[in-house]
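Position in the sequence shown (first residue = 1) + 4 = the numbering used here. To start, the structure itself, in structure tokens.
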Amino acid sequence: MIKKYLFYTFLSSTLAFSGCSDYLDQAVDQRTQLDTVEKVKELLATAYPQADYATFTEAMSDLAQDKGNVSGAVIDETNRNPYFYQDVQSKAQGSPDNYWNACYAAIAAANHALEAISKAPNPEAYSAQKGEALVARAYAHFMLVTLYAKVYDPATAGTDPGVPYVTEPEKVVLAQYDRRTVSYVYQKIEQDLTTGLPLLNNNAYRVPKYHFNTAAAHAFATRYYLFKREYQKVIDHANQTFGGGSIEPNLRPWVGVYSKLTANEGLAIYTQASQNANLLLVEASSLWARNYARYRYGFATPVVNYFFRSPNVTGAQWVQPLYTQGTDHWLILKFREHFVRVDPNAEIGFPYTIFPLFTAEEVLFNRAEAYIELNRFAEARADLNMYARHRIENYNPSTHAVTDAKARAFYKTSNTKQALLNTLLDFKAAEFVQEGKRWFDILRHRLPVTHTTADGQSFTVAADDPRRVLQIPQEAKLAGVELNPR
5 MIKKYLFYTF LSSTLAFSGC SDYLDQAVDQ RTQLDTVEKV KELLATAYPQ
55 ADYATFTEAM SDLAQDKGNV SGAVIDETNR NPYFYQDVQS KAQGSPDNYW
105 NACYAAIAAA NHALEAISKA PNPEAYSAQK GEALVARAYA HFMLVTLYAK
155 VYDPATAGTD PGVPYVTEPE KVVLAQYDRR TVSYVYQKIE QDLTTGLPLL
205 NNNAYRVPKY HFNTAAAHAF ATRYYLFKRE YQKVIDHANQ TFGGGSIEPN
255 LRPWVGVYSK LTANEGLAIY TQASQNANLL LVEASSLWAR NYARYRYGFA
305 TPVVNYFFRS PNVTGAQWVQ PLYTQGTDHW LILKFREHFV RVDPNAEIGF
355 PYTIFPLFTA EEVLFNRAEA YIELNRFAEA RADLNMYARH RIENYNPSTH
405 AVTDAKARAF YKTSNTKQAL LNTLLDFKAA EFVQEGKRWF DILRHRLPVT
455 HTTADGQSFT VAADDPRRVL QIPQEAKLAG VELNPR
């Protein structure tokens, strides 16, 4: 897949807000002509943000702690500044600016594909590619509005500034853009998603899990409608994700397989397309696999102890392959670095990491949360216990099953709904630790985050703190995009 990064390099110069004019200096007949289905398919391989958000979202979350000046700690602006809720000035891999640019590069690829399809003499032959382009465009805009605008709130979405929703290929350098509102962006996302999803065809791809296949698109829909608080639609799309509506056969086999692997085997298997749990994968230019265990502000012993060395609400502990790369440098076996050499005779090239953007576990969790919000507690417990069966060695339903009473007691609350919600959020945090996804739950549930420095100083960032909304890049300001308040 990585070779496709170079196939349509002309797209990088069409990136919104890039300031590069080389693309416009070329004669039309010198550009790659998107005149076949195969060429459009190749182009759509780049319609996904090929950058990681985990570097900054994990550091901003409550799963990160300051390890102090321990031996081997990696200290980097893209990891440090988010921990302290300071804007990252760097545009390097793992930075918010880099992710913003990658999202708009993906959008540019989708828009070029859609333009080519609209001009094709036989557009019906491109139906699957049109569906992929629309859903991919929706996804990139969803990630942008989630990270760079206030979280969706039906009471304020009509006035909260959104992000530019770009639907046309770039024709000029530094075109002017309007953020419109969060509500407007959500409307456009839903329009692209609901139009594109029925057009998808899994048989159109050699490796469907690097594209928006139907399962991944339904998984995306569960996340979108969860943010939008349309809970029945979350359930509907979750039930359509897999044939027959059964999620359990696609969950990761933590107990029977993953927990018995060597370190190298574990690092190799987690992001493989052959794993049923992985619904959509992306190859991202990223140093995350190299550094995620050793970042100074990250997964540290107290968090390890809470999630993996202490009994949880089930009364048991999760099976979890834990490894260290030195004092307090913990990692879950998920990511290994890949490297593309630009010179076969020299160690020069580009590191990248494969990330699962959507998984079967998220679909299950999203459905369980929707059940909780609709007060359908029995169905929510069934989903939570389905997950627990795959994370507890020798699972016994009479001993380990989540019950309302156990949840209320564990979380010290008399509110069953809140107890089950806390259970769900802890399950998700344990499953997705070191993937950056906890941040989305923090945003959606308006959870405060308290960070403590190695010398004992603490600070709390409340739900309405403007620093929780990532800053718009300065280049975008030149294109008329209003910056976020600070």
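Note that the Cβ used here is the ideal one computed from N, Cα and C, for glycine as well.
Beta carbon of A494, beta carbon of Y301: below 8 Å? There is no way to answer for residue 494, as the model of the chain reaches only from 5 to 490.
Based on Cα-Cα distance, which residue from P125, V211, T305 and Y356 lies nearest to D332? T305
Under the assumption that A137 contacts F362 (Cβ atoms under 8 Å), give the Cβ distance between them as a whole number of angstroms. Going by Cβ atoms, the distance from A137 to F362 rounds to 18 Å, so no, they are not a contact pair.
Which class does F362 belong to by DSSP, given the choice of helix, strand or coil? strand
Cα-Cα separation between R35 and L47, rounded to whole angstroms: At R35 the pLDDT is 44, less than 50, meaning the model places this residue with poor confidence; the figure from the coordinates comes in the next sentence. So the alpha carbons of these two residues sit roughly 13 Å apart.
Segment contact, 8 Å Cβ cut-off, at least three pairs: the stretch 415-431 with the stretch 357-375: yes
Pull up the distance between the alpha-carbon of L271 and that of H342, whole angstroms please. 11 Å
Which word fits H215, buried or exposed, when buried means at least 16 other C-beta atoms lie within 10 angstroms of its C-beta? buried
What would DSSP say about A67, mapped onto helix, strand or coil? This sequence places Leu at residue 67; Ala is not what is there. If DSSP states are grouped into helix, strand and coil, L67 belongs with coil.
Close-in-space but distant-in-sequence residues of the same chain around F369 (CB under 6 Å, 5 per side omitted): K432
How about R340: is its C-beta nearer than 8 Å to some C-beta of chain D? Reference to chain D is not applicable here, since this structure consists of a single protein chain.
Please state whether DSSP places T328 in a helix, a strand or coil. strand
Assuming contact is defined by CB atoms lying nearer than 8 Å, are A384 and N280 in contact in what I supplied? no
Leaving out five residues before and five after R340 in sequence, what residues of the same chain have Cβ atoms less than 6 Å from its Cβ? L271 and A293
In whole angstroms, what is the alpha-carbon distance linking A49 and E269? 27 Å
Determine the direct distance from the alpha carbon of K410 to that of V211, and round the result to whole angstroms. 43 Å
Inspect the beta-carbon positions of S99 and F60 and report whether they are closer than 8 Å. yes
Going along the chain, which residues of its own chain have a beta-carbon closer than 7 Å to the beta-carbon of V44, five neighbours each way excluded? L38, A117, A120, I121, Y130 and Q133
Which listed residue (F303, K338 and E234) has its alpha carbon closest to that of T266: K338
Could you check where the alpha helix (DSSP H) with H241 kicks off and where it finishes? Y235 to Q244
Mapping DSSP to helix, strand and coil, what is K95? coil
Tell me the DSSP secondary structure of T163 in three-state form. coil
What's the call for L482, buried or exposed, on a 16-neighbour Cβ count within 10 Å? exposed
Taking V167 and Y190 to be in contact with their CB atoms under 8 Å, please state how far apart those CB atoms are, rounded to whole angstroms. Between Y190 and V167 the Cβ distance is about 11 Å, and since that is not below 8 Å, they are no contact.
Tell me whether P325 is buried or exposed, calling it buried when 16 or more other Cβ atoms sit within 10 Å of its Cβ. buried
With the cut-off set at 8 Å, would you say I446 and S187 are in Cβ contact? no
When DSSP labels each residue in this structure, what does E377 get in the three-state scheme? helix
Element boundaries [alpha helix (DSSP H), containing A288]: Looking at the DSSP string, A288 is not in any alpha helix (DSSP H); the run it does join, the beta strand (DSSP E), is N282 to S289.
Can you give the Cα-Cα distance for I251 and V367, rounded to whole angstroms? 8 Å
Tell me, please, which residues DSSP counts as bridged to L118. None, per the DSSP bridge assignment.
Can you look up A77 in the DSSP assignment and give me helix, strand or coil? coil
Own chain residues within Cβ distance below 8 Å of V41, not counting five before or after: A129, Y130 and Q133
Between which two residues does the beta strand (DSSP E) harbouring I336 extend? W334 to I336
Beta carbon of V1 nearer than 8 Å to that of N85: The chain is shown only over 5 to 490; residue 1 falls outside these bounds and no answer can be derived.
Smallest Cα separation from A256: which of D240, A242 and A277? Before going on, a small fix: residue 256 reads as Arg here, not Ala. With distances taken between Cα atoms, R256 lies closest to A277.
Considering only C-alpha positions, which residue in the set A223, D157 and A242 is nearest to F231? D157
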